[in-house]
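Going left to right, the sequence shown walks through residues 1323 to 1731 as our numbering numbers them. Note that beta-carbon positions come from the ideal geometry of N, C-alpha and C, so glycine has one too. All of these numbers come straight from a predicted model, not from anything done at the bench. As structure tokens, the structure follows; a few thoughts come after it.
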Amino acid sequence: WAVETTLEVGYRLSHSDNSNRSSVDPISEWIQEPNATVTVNQEGPNISANGAYRFARRFYEENSRDEEPAHAGNANLTWHALPNRLDFVAANTTTLNTINSDRASSPENQQLTNTFSAGPTLLWRGFRPGDETRLNYRYVRTIYDRTNTDSVRHSTSIDYIVPLSESRSLTTTLQYEDIDFDNDLSPDYEFVSGMLRYTASGDDLDINVSAGYKYIDRADDFDDLEGFITDSSLTWKLSALSSLSFTYRRDADDRSTQTRRGIPEFGEEFRDSTDLNELFVYNEFTTTYSRRFGRTNFSLSGFYRDRDYEEDIESDEESWGGAFMVSRELTRSISARLRAAANRIDFVDENREDDIYRYDFELNWNAARRLRVALGTTYEDRESDNLGADYDEFVYYIGLYYMVLGPGR
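This is the structure in structure tokens:
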């Protein structure tokens, strides 16, 4: 079996007029960032694997902080130990998140989040011909490099899958999970949940609709929690070159899904409160329209999120906003990307609103089969009711990247 592997090494030199994102004492400096990006893809009868990881370290001209890692990525491995009977699955995600979402996403307010999971999946036939049953166990270890919010999770679930046709299915899932925080002051908890999911794929419409219920039992004298959960999506294929999608999620958790996102999209940053081990109920709605015009790709998206913490944790949030991105192949070797985003965050318990505006532009030139040059700028402006939380930052950069392994461009 063959493994498809690429390795790209690079060096990025950027200048920021406010690297610490402060309105009081901004630092203007050059930042050097050597980096390497590795991708792996393998599909075989016994093993399938895929992953993309970006390793980087930043060096600041003014020595305003220690050299700073900025790794991110996802990796997945599946071993079909007994084909169609027993699989072993392992996955790892590394993400750079904010520590406290109500502060600027400066280097002092960022940390690496690493989540590793592994376990078996046992498969067998269902009660009817064509039905399938899956029994899953996952050990999950999450580590934060700066805050005392590490945890261990033991998750067991069973799925019963009923194929209704070649493109439609109905899945019933029952799950039990035990969450143990390293911090003795954080209340451990366990939950049971049930979910019914319907999926259908067609020429014009893809449907993924689910509905379920979750009951959370918290340790000590903390109140238990229960309620409706869902993770649903709909994609309307308007044409061969355009689509419109909607997603809606509702659940209760102690961490955001952003901690498992890996490498961010162009112009994207992850903002989360990773310094808390507290339960919250969240709703999340997103919609995205995308279209291709010749050599131009265009997307327009919007979102709404809210987060309601339990007990006396005063960190409730509501946020909404939108973004558009356009990319175009200017020539066979030159392409450009432009992104603009705006969102408002309402810190409910603080009676405070922040507006964040961000613009990104990047020009890529494939100077040779294995050599790529990138030029770009970013600008971010945060307007806050809280004195000292507002800032603006302008960055321009140049990057040189060489494909050491892989087919080149």
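- Counting only runs that start and end inside the region 1611-1697, the beta strand (DSSP E) elements of at least 3 residues fall at 1618-1631, 1639-1651, 1656-1669, 1674-1688.
- If you look at His1393, you'll find it isn't in any beta strand (DSSP E); DSSP assigns it neither H nor E.
- With 16 or more other Cβ atoms from the protein chains shown falling within 10 Å of its own Cβ, Asn1342 counts as buried.
- Beta-bridge annotation (DSSP): Gly1332 is paired with Asn1357, Tyr1723.
- Between the region 1424-1436 and the region 1455-1471 there are three or more inter-stretch CB-CB distances shorter than 8 Å, so the stretches are counted as touching.
- Taken atom to atom, the span from the alpha-carbon of Glu1639 to that of Asp1628 is near 6 Å.
- Annotated as distal: Ala1696 and Gly1728, with beta-carbon spacing of 8 Å or more.
- With 16 or more other Cβ atoms inside 10 Å of its own Cβ, Val1603 counts as buried.
- DSSP places Val1531 in the uninterrupted beta strand (DSSP E) bounded by 1527-1540.
- The shortest CA-to-CA distance from Asp1714 to any of Glu1684, Asp1703, Tyr1679 is the one to Asp1703.
- Judged by their CB atoms, Ser1612 and Ala1645 are not nearer to each other than the 8 Å cut-off.
- For Ser1655, the closest alpha carbon among the candidates Phe1592, Asp1526, Ser1345, Arg1731 is that of Arg1731.
- Measuring C-alpha to C-alpha distances from Ala1522 to each of Ser1487, Asp1539, Ala1533, Phe1377 identifies Ser1487 as the nearest.
- Sequence-distant Cβ neighbours of Ile1369 in its own chain, meaning closer than 8 Å and more than five residues away, are Trp1323, Leu1399, Thr1400, Trp1401, His1402.
- For Asp1409, same chain residues with a beta-carbon under 6 Å away, outside a window of 5 residues either side, are Thr1400, His1402, Thr1443 in chain order.
- Here DSSP, grouped into helix, strand and coil, assigns Pro1429 to helix.
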